[in-house]
Amino acid sequence: MGYAVAAILLACLGIFGAAFAATAAEGDLVNVFVVPDPAQTADGAVTLQSIAAGTLGTPARAGEILELNRGLAQPDGAVLNGPGDQLRPGWVLRLPPDAVGPEVKQARDRAGTDILAEAPASASPGVAADRQSIPLPAVVAVIATFLLALVTAGIVGRRKVRAGFAVLAGMVRKLGDPARRRRRLMQRRGIGRQFATDADSARRAYEIMGELASAARRPGEAVHALCVNDSGVTVWLEGAETPDAPWSNSGGTRWHRPVAGAGYSGAGAVDQASTVACLVRAGISTDGGPLFVDLSRVDGVLSLTGDGLVARDMVNNLLSELARARPNTPVTILPGTAGAHRISVPSGLHQLSPEAPPVTSAPGADRGTVRAAASRRPVRGLVVVAGVPTERESAELAALCGPGGAGWTGLVCGDVGGAHWRWHAHRDGHVDVPVLDVRVTVPA
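Under our numbering, the first residue of the sequence shown carries the number 1, and numbering increases by one thereafter.
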């Protein structure tokens, strides 16, 4: 009898849990504004100021709308980057929670994607919220009843109790998955905003590079990567380099130095515009600080395998970092195989058509199909492949980035032969960098 009761309660909990998870996965309702066609509005083109005036009561709050939508992909693939960007018809712009007015609509904020699913204009937030959630007391009551049934069944057999608790734990994890995905996405978006405003960590990284390069056996060749955080600096050096105290070895070619003082001193700083090194932040390491990698050491192609969306986020982040570190660097985008995700080129870079990049030999390049070991070279331009390259694109990639090519650097969202750097993207927003034995969280 006890087993039958437990089985019935387990089935009920599965039904309630599945319904709850399905509704939670749809996402929360948020206020949005759908940009209309200028021909259909009396005042002509819509601006952030006019939206703020009509929905928030004052144009002075246009900056809030900009921050909520900066860097998010719109239905046409474009993004809003600054206050001067023209708003295109059909864009779905997020609004603060206190926005009101006839033009304010409700949309579902789906975790893991930038594009909102617009809800019916007549739907009210309260009614929609009621339809997409189960009252918490009801869920707690079902779980409590299930636990009581398990205790009763435990008198007969402990093994079935353990199996029941395992089933319950799995259901609880599934119920929490949508919330965890939303938290991870918000955390990754926060990292992107941090990178956009933090210039001090880049100055500190170039300062440390200058100090180590001046003391290295081969100046300019010492540093491969850096991680800067509140506790100090971690660097990855050439195998033969052994810096003096206060540097201490953390294993292999990794060295750490504690914080020597507050702020940025400027001693030993490197001129970012003239040095071959091109430091970009790949993400936040497990130590809590930004990980800087030197793109001049790619020496050909960086291959990003694994989850396609996270690989795209990493490429978009590297392009944004390059726009800050090397403005006006030429970039060309190749679409790759069908189904590849769209790549957004920041306004600070100079985008060329796929036919435009020069196919001339880099100075001192050796002809051949195989490069024996990775070397260092300046970042003259970037070739970005949004997916696994086709046969024609592989030939173009080899002509621009391969041995004896134009000396450009390739970023490929997929597996490609001959890549010296290979990173692996995970669905949860992490990327493994095997050559450094480190994992980073990628901005979104």
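We put the beta carbon where it would ideally sit given N, CA and C, even for glycine.
Ala99 has its alpha-carbon roughly 38 Å from the corresponding atom of Ala202. Three or more beta-carbon pairs separated by less than 8 Å link the segment 289–305 to the segment 405–415, which places the two stretches in contact. Look at Asn229 here: in three-state DSSP terms it is strand. Gly101 places its beta carbon 9 Å or farther from that of Val34.
Where Leu352 is concerned, there is no enclosing alpha helix (DSSP H), although the beta strand (DSSP E) around it starts and stops at 350–352. Per DSSP, the unbroken alpha helix (DSSP H) holding Thr55 starts and ends at 48–56.
Annotation: the continuous beta strand (DSSP E) that includes Ala107 extends over 105–109. In this structure, Gly306 lies away from Asp230, with their beta-carbon atoms at least 9 Å apart. According to DSSP, residue pairing for Pro290 in a beta bridge involves Ile284. Per the C-alpha coordinates, the member of Val104, Ser296, Ser344, Pro38 positioned closest to Arg326 is Ser296. DSSP places Ser320 in no beta strand (DSSP E) but in the uninterrupted alpha helix (DSSP H) bounded by 308–325.
Listed in chain order, the non-local C-beta contacts of Ala45 below 8 Å within the same chain comprise Pro38, Gln86, Leu87, local neighbours out to five positions each way being set aside.
Cβ-Cβ distances below 6 Å link Val233 to Ile208, Arg257 in the same chain, with the five nearest sequence neighbours on each side left out; the list follows chain order. By the 16-neighbour rule on beta-carbons within 10 angstroms, Pro97 is exposed. For Ser296, no alpha helix (DSSP H) encloses it, and the DSSP letter there is neither H nor E. Following the DSSP letters along the chain, one finds Asn31 inside the beta strand (DSSP E) bounded by residues 28–34. The closest CA to that of Gly190, considering only Met171, Arg70, Val139, is found on Arg70. Judged by beta-carbon spacing, Pro36 lies beyond the 9 Å limit of Ala62, meaning their Cβ atoms are not closer than that value. Here Ser285 is buried. Its C-beta has 16 or more other C-beta atoms within 10 Å.
If you look at Leu400, you'll find it in the alpha helix (DSSP H) that goes 391–401. In the DSSP assignment, Gly387 falls outside any alpha helix (DSSP H) and carries neither an H nor an E. In the displayed model, Asn249 falls within a strand according to three-state DSSP. Pairing Pro330 with Val228 gives a Cβ-Cβ distance that is not under 9 Å.
Sequence-distant Cβ neighbours of Asp28 in its own chain, meaning closer than 6 Å and more than five residues away, are Asp109.
If only uninterrupted beta strand (DSSP E) runs of at least 3 residues are considered, none is enclosed by the segment 174–223. Each of Pro243, Gly336, Tyr206, Ala340 was checked against the Cα of Cys278, and the nearest Cα belongs to Tyr206. Residue pairing by DSSP places His256 opposite Thr234, Ser248 in a beta bridge.
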